[in-house]
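Asks: Numbering (UniProt numbering), first residue to last: 1 to 148.
And the structure:
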């Protein structure tokens with residue numbers, strides 16, 4: 001029993017090694033604190049009588065309602081690839097500033113897969129893509145010996 005006349009059941013013991021003598025010592029110490037007839041009688045001296053009817057129960061008035069958690073089923077199929085982005089977040093950083101040019105007609109507002117215009121060979125109209133081509137490789141040094 002502790003100072004408030006409550007029964008304690010937790011025991012901590014630090015021992016040198018795990019052998020029979022150390023465990024006997026722990027049990028003896030535990031027995032001294034708990035297994036006393038007077039302490040046993042004191043622990044079970046009070047009797048708890050059940051209430052005869054539900055009318056006698058003390059019901060506390062809760063000012064809030066406790067809702068049960070929603071019962072949801074796990075979603076079927078593979079999870080979504082993209083997350084929901086906030087409105088102020090830019091959609092894609094890798095494609096910003098790139099100009100897509102159609103390989104078929106040279107137009108800027110679509111790509112060759114969705115092109116409905118005739119090909120470049122048939123009509124010479126439309127912007128050329130040569131103005132937007134980069135030179136191949138790295139530039140050479142001014143003296144012509146190698147790459148910069």
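The beta-carbon is built from N, C-alpha and C at its ideal position, and this holds for glycine as well.
If you draw a straight line from the alpha carbon of residue 118 to that of residue 103, how long is it in whole angstroms?
Replies: Spanning the two alpha carbons is a distance of roughly 11 Å.
Asks: Which first and last residues belong to the alpha helix (DSSP H) in which residue 39 is found?
Replies: Run containing residue 39: 37 to 43, per the alpha helix (DSSP H) assignment.
Asks: Using the rule of at least 16 other Cβ atoms within 10 Å of the residue's Cβ for burial, across every protein chain shown, is residue 106 buried or exposed?
Replies: With 16 or more Cβ atoms within 10 Å of its Cβ, residue 106 is classed as buried.
Asks: Work out the CA separation of residue 31 and residue 44 for me, nearest whole Å.
Replies: So the two alpha carbons sit approximately 18 Å from each other.
Asks: Can you say whether residue 90 is buried or exposed, counting buried as having 16 or more other CB atoms within 10 angstroms of its CB?
Replies: Exposed, because fewer than 16 other Cβ atoms sit within 10 Å of the Cβ of residue 90.
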